[in-house]
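Chemist: This is the structure I have questions about; it appears just below.
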Amino acid sequence: MKLILPAAFVTLTLWGCGDSSSTRVTSTRELAEGPERTAAVQRAVSRVQREGAKLGGVAPEALSARAVLVDDDGTEHVRLERTWQGLRVIGGDMVVHQRGDADARGFGLAGQPSLTSVASQPTLDASGAALRARPAFAGTLSGPRTAKLVVDARQGREPALAYEVVLDGYQPDQTPSELHVLVDATTGAIRGKWDAVHTTAGTGKSLYSGQVSLQTSSALLGGYSLRDTTRGGGFYTTDMNNLGSIPIVGDVLPLPPLLLPGTLFTDSDNVWGDGTPGNRQSAAVDAHFGQQTTYDYYREVHGRNGIDGAGRMGYSRVHYGDKYNNAFWYDLCFCMTYGDGDGSILAPLTSLDVAGHEMTHGITSQTAGLAYEGESGGLNEATSDIFGSLVEYYANTSQDPGDYLIGETIYTPGTPGDALRYMHKPSLDGRSPDCWSPSLASLDVHYSSGVANHFFYLLAEGSNPAAGPASPTCDDSSHAGIGRLKAGKIWYRALTVYMTSSTNYAGAREATLAAATDLHGADSAEVSAVAAAWSAVSVN
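What follows is the structure, encoded as structure tokens:
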């Protein structure tokens with residue numbers, strides 16, 4: 007199958023003689039609703055309609071804006087979503103890069119396929135599509151199901167009319183599931199599926215960070231509540247009381263998942279937890295500290311106000327399920343949820359890197375929207391691992407110092423040195439590859455993430471850092487790192503400005519090179535380091 011533009015990241019450059027390629031970006035702001043944002047969106051839509059044919063025949067269809075970013079040099083980055091005959095186009099999101107109204111300045115779009123071959127009418131109805139999708143759901147359903155017509159134009163597939171069937175329920179391990187299944191509207195074939203619940207692993211006095219300071223509030227009836235009103239729009243932490251798996255009637259649950267908000271933690275003296283799992287507040291201290299630290303990291307380092315960029319933080323829920331061995335982010339509740347673990351494979355999953363990981367899933371959803379399948383899903387998971395580690399470094403606690411191990415404090419409690427994932431050498435977990443190969447897209451996203459994790463370690467720390475483990479390269483090359491701060495800023499800009507929902511590893515290379523060029527200049531050592539680190543993991 008061949009699309010007109012199969013690349014995940016394509017930029018059409020029309021730079022004029024007035025451009026200064028040495029200009030570096032030092033700050034970026036997001037435009038709120040208002041005349042400035044409206045004008046930028048109108049310019050972007052006009053540019054797509056005028057120039058889109060050069061990037062695969064994008065027709066002048068309806069386009070809506072998700073976000074508008076403006077660099078300090080005036081360059082605008084407008085995220086647009088595409089529709090076709092009134093239907094949402096999955097894989098049709100794009101980013102327009104422009105400088106005002108001057109055509110000579112230039113613009114770029116994510117690669118867009120032609121939709122001329124898409125059937126105009128389905129031969130399958132919505133109920134038939136739902137029946138075809140049902141076998142893809144392995145757990146227990148909680149109805150009702152929904153099925154909406156869309157256009158499936160994801161990378162690497164011939165565009166087609168499809169039903170997006172959403173199945174709600176629970177996986178066998180208690181994890182809530184919002185499974186999206188794409189059913190071909192003419193043949194009934196399953197074209198793809200992904201889950202909107204993004205998990206961590208596939209498998210006061212805090213538990214993991216020692217004694218920490220918490221921002222709390224006065225409770226309504228006296229005492230204190232675990233609610234922070236000082237960061238963004240505020241957030242809070244609740245106790246799920248080990249609920250989450252609702253009693254089953256037949257094979258259908260009486261309530262959909264994630265409708266249980268939990269009970270807000272309160273305390274009489276504002277001293278929380280005792281650092282042991284036996285005190286229910288201890289896990290809440292970790293979750294609350296993790297949320298406030300993640301907010302502070304993104305605000306101070308990247309200038310981001312909350313998960314959605316406008317102050318919204320969601321909330322945290324602890325003690326979910328019965329010995330539940332996972333944690334997850336879910337867009338529907340805009341919240342983080344943590345299980346207690348079974349005490350053997352996993353301890354309570356409220357560690358700092360897990361908190362940063364989960365909230366980063368929310369940020370990815372609000373920006374690039376990397377589809378949670380194949381290579382884009384691996385990049386989604388790697389993004390959460392990368393920033394989960396950077397949040398841990400940012401906190402710099404003596405009890406849980408920063409490292410590039412994911413979940414090292416929660417995995418197999420009592421066994422030191424092991425972890426869920428190892429960014430310096432992903433294959434140490436027995437499943438994640440160190441190097442890119444064509445088979446990567448068929449792996450679970452928690453393992454296909456290994457290549458990007460390996461890239462980031464090499465970029466930040468190098469192949470033989472003075473502090474930290476050596477990281478063998480796929481081409482036997484040797485590299486010096488550029489540091490965590492620079493590497494993190496490059497990845498964040500690539501995520502928020504250049505990546506789209508269908509970005510694959512080749513696209514991630516181009517996106518990070520573009521981000522490094524913006525931040526450090528085209529001829530900089532940082533750009534060279536990005537290129538070399540990708541080549542070192544076989545992404546060329």
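Add 6 to the 1-based position in the sequence shown for the working numbering, that's all there is to it. Ideal Cβ placement from N, Cα and C applies to all residues, glycine included.
Entirely within the stretch 269 to 333 and at least 4 residues each: give me those alpha helix (DSSP H) ranges in chain order.
Modeler: Whole alpha helix (DSSP H) segments, 4+ residues: 286 to 308.
Chemist: In this structure, what does DSSP give as the bridge partners for Ser183?
Modeler: Within the sequence shown, the letter at position 177 stands for residue 183. According to DSSP, Ser183 bridges with Gly175.
Chemist: Taking Cβ positions, are Ser454 and Glu381 nearer each other than 8 Å?
Modeler: For the purposes of this step, residue 454 is identified with residue 448 of the sequence shown, where counting begins at 1. For the purposes of this step, residue 381 is identified with residue 375 of the sequence shown, where counting begins at 1. Yes, the pair counts as a contact, with Cβ atoms nearer than the cut-off.
Chemist: On a CA-only basis, which of Tyr463, Ser274, Thr373, Asp179 is nearest Asn333? Give me that one, please.
Modeler: The residue labelled residue 333 in the question sits at position 327 within the sequence shown. Here residue 333 turns out to be Ala, not Asn, going by the sequence shown. When each option's Cα is compared against that of Ala333, the closest is Asp179.
Chemist: Can you tell me whether Asp190 is buried or exposed, with buried defined as 16 or more other CB within 10 angstroms of its CB?
Modeler: Counted from its first residue, the sequence shown places residue 190 at position 184. Buried, by the Cβ-count rule.
Chemist: Tyr463 and His485 look like a contact to me (Cβ under 8 Å); what is the Cβ gap, rounded to whole Å?
Modeler: Locating residue 463 in the sequence shown gives position 457, counting from the first residue. Locating residue 485 in the sequence shown gives position 479, counting from the first residue. Contact flag wrong, Cβ pair sits at about 10 Å.
Chemist: Rounded to the nearest angstrom, what separates Tyr301 and Asp131 at their Cα positions?
Modeler: Against the sequence shown, residue 301 aligns to sequence position 295. Against the sequence shown, residue 131 aligns to sequence position 125. Roughly 45 Å separates the two Cα atoms.
Chemist: Is it a yes or a no for the stretch 468 to 486 touching the stretch 412 to 426, going by three-plus beta-carbon pairs under 8 Å?
Modeler: No, because fewer than three Cβ pairs between the stretch 468 to 486 and the stretch 412 to 426 fall closer than 8 Å, the two stretches do not touch.
Chemist: Per DSSP, which residues does Trp497 bridge with? Please list them.
Modeler: Here residue 497 refers to the residue found at position 491 of the sequence shown. According to DSSP, which records beta bridges pairwise, Trp497 is partnered with nothing at all.
Chemist: Within its chain, find whatever has a CB closer than 6 Å to the CB of Ala539; leave out the 5 residues flanking it on each side and keep chain order.
Modeler: Counting from one through the sequence shown, the residue named residue 539 turns up at place 533. If we look at Ala539 and ignore the five residues flanking it on each side, its Cβ neighbours are Phe461, Leu464, Leu465.
Chemist: Please name the residue or residues paired with Asp77 in a DSSP beta bridge.
Modeler: Within the sequence shown, residue 77 is the residue found at index 71, counting from 1. In DSSP, Asp77 forms a bridge with Thr34.
Chemist: For the beta strand (DSSP E) containing Gly198, list its first residue and its last residue.
Modeler: Walking along the sequence shown from the start, residue 198 turns up at place 192. Counting along the chain, the beta strand (DSSP E) containing Gly198 begins and ends at 196 to 201.
Chemist: Distance, Cα to Cα, Ser223 vs Ser274?
Modeler: Position 217 of the sequence shown, counting from 1, holds the residue named residue 223. Position 268 of the sequence shown, counting from 1, holds the residue named residue 274. So the alpha carbons of these two residues sit roughly 11 Å apart.
Chemist: Is it a yes or a no for the stretch 185 to 200 touching the stretch 141 to 150, going by three-plus beta-carbon pairs under 8 Å?
Modeler: Touching, yes.
Chemist: Beta carbon of Cys441, beta carbon of Val457: below 8 Å?
Modeler: For this step, residue 441 is matched to residue 435 along the sequence shown. For this step, residue 457 is matched to residue 451 along the sequence shown. A contact, by the Cβ cut-off of 8 Å.
Chemist: As a quick exercise: from Ile412, Tyr330, Ser390, pick the residue whose alpha carbon is nearest that of Tyr176.
Modeler: By one-based count along the sequence shown, residue 176 stands at place 170. Measuring from the Cα of Tyr176, the nearest candidate turns out to be Tyr330.
Chemist: What's the call for Gly112, buried or exposed, on a 16-neighbour Cβ count within 10 Å?
Modeler: One-based indexing of the sequence shown puts residue 112 at position 106. Only weak support is given to the placement of Gly112: the predicted model assigns it a pLDDT of 49, under 50, and the value that follows is read from those uncertain coordinates. Classification for Gly112: buried.
Chemist: For Gln372 and Gly468, what's the separation of their Cα atoms in angstroms?
Modeler: Within the sequence shown, the letter at position 366 stands for residue 372. Within the sequence shown, the letter at position 462 stands for residue 468. Near 31 Å, if we compare the C-alpha coordinates of Gly468 and Gln372.
Chemist: Where Arg310 and Thr34 are concerned, what is the direct C-alpha to C-alpha distance, given to the nearest angstrom?
Modeler: Sequence index remark: in the sequence shown, residue 310 carries index 304 (1-based). Sequence index remark: in the sequence shown, residue 34 carries index 28 (1-based). Rounded to the nearest angstrom, the two C-alpha atoms are 10 Å apart.
Chemist: Consult DSSP for Gln1 and reduce its assignment to one of helix, strand or coil.
Modeler: Because the chain is modelled from 7 through 546, residue 1 falls outside the range shown and cannot be assessed.
Chemist: Taking 7 Å as the limit between beta carbons, can you name the residues of its chain near Gly3, skipping five residues before and five after?
Modeler: The structure shown does not extend to residue 3, since the chain is modelled only from 7 to 546, so the question has no answer here.
Chemist: Taking C-beta to C-beta, are Gly347 and Leu358 nearer than 8 Å?
Modeler: Taking the first residue of the sequence shown as 1, we reach residue 347 at position 341. Taking the first residue of the sequence shown as 1, we reach residue 358 at position 352. The answer is no: Cβ separation not under 8 Å.
Chemist: At a cut-off of 7 Å, would you count Asp328 as near the ligand ATP, judging by its Cβ distance to the nearest heavy atom?
Modeler: Questions concerning the ligand ATP fall outside what the structure shown contains, since it holds no ligand whatsoever.
Chemist: Need the endpoints of the alpha helix (DSSP H) that Ala521 sits in, please.
Modeler: Reading the sequence shown from its first residue, position 515 is the one you call residue 521. Residues 511 to 526.
Chemist: For Ala542, report the span of its beta strand (DSSP E) as first-last.
Modeler: As a position in the sequence shown, residue 542 is number 536, starting the count at 1. Here Ala542 belongs to no beta strand (DSSP E); instead the alpha helix (DSSP H) covers 531 to 542.
Chemist: Let me check one thing: in DSSP terms, what residues is Val95 bridge-paired to?
Modeler: Locating residue 95 in the sequence shown gives position 89, counting from the first residue. Val157, per the DSSP bridge assignment.
Chemist: Is it right to say Gln104 is buried, meaning 16 or more other beta carbons lie within 10 angstroms of its own, or is it exposed?
Modeler: The residue labelled residue 104 in the question sits at position 98 within the sequence shown. Answer is buried; the Cβ neighbour count reaches 16.
Chemist: Would you mind working out which of Lys199, Gly315, Arg286 sits nearest Arg323, comparing C-alpha positions?
Modeler: The residue you call residue 323 lines up with position 317 of the sequence shown. The residue with the shortest Cα to Cα distance from Arg323 is Arg286.
Chemist: Leu18: buried (16+ other C-beta within 10 angstroms of its C-beta) or exposed?
Modeler: One-based indexing of the sequence shown puts residue 18 at position 12. Any reading at Leu18 must be qualified, since the residue scores a pLDDT of 31, below 50, and its modelled position is unreliable; the value itself is stated next. With fewer than 16 Cβ atoms within 10 Å of its Cβ, Leu18 is classed as exposed.
Chemist: Please confirm whether Ala293 and Tyr214 have their CB atoms less than 8 Å apart.
Modeler: As a first step, residue 293 must be located in the sequence shown, where it is residue number 287. As a first step, residue 214 must be located in the sequence shown, where it is residue number 208. No; because the gap between Cβ atoms is not below 8 Å, this pair is not in contact.
Chemist: Below 8 Å between beta carbons: does that hold for Gly97 and Gln161?
Modeler: Translated into positions along the sequence shown, residue 97 becomes position 91. Translated into positions along the sequence shown, residue 161 becomes position 155. Going by C-beta atoms, Gly97 is nearer than 8 Å to Gln161.
Chemist: Starting from the C-beta of His308, find all residues in its chain whose C-beta is less than 6 Å away, skip the five residues before and the five after it, and write them out in chain order.
Modeler: Here residue 308 corresponds to residue number 302 of the sequence shown, with the count starting at 1. Only Tyr498 meet the Cβ criterion.
Chemist: Per DSSP, what kind of secondary structure is Tyr6 in: helix, strand or coil?
Modeler: Past the edges of the chain, shown from 7 to 546, lies residue 6, and the structure says nothing about it.
Chemist: Nearest to Ala476 by CA position, among Glu532, Pro432, Leu446, Lys492, is which residue?
Modeler: Within the sequence shown, numbered from 1, the residue matching residue 476 stands at position 470. Considering only alpha carbons, the answer is Pro432.
Chemist: I need the DSSP call for Arg88, collapsed to helix, strand or coil.
Modeler: Counting from one through the sequence shown, the residue named residue 88 turns up at place 82. Strand.
Chemist: How is Asn546 classed by DSSP in three states: helix, strand or coil?
Modeler: One-based indexing of the sequence shown puts residue 546 at position 540. DSSP places Asn546 in coil when its eight states are reduced to three.
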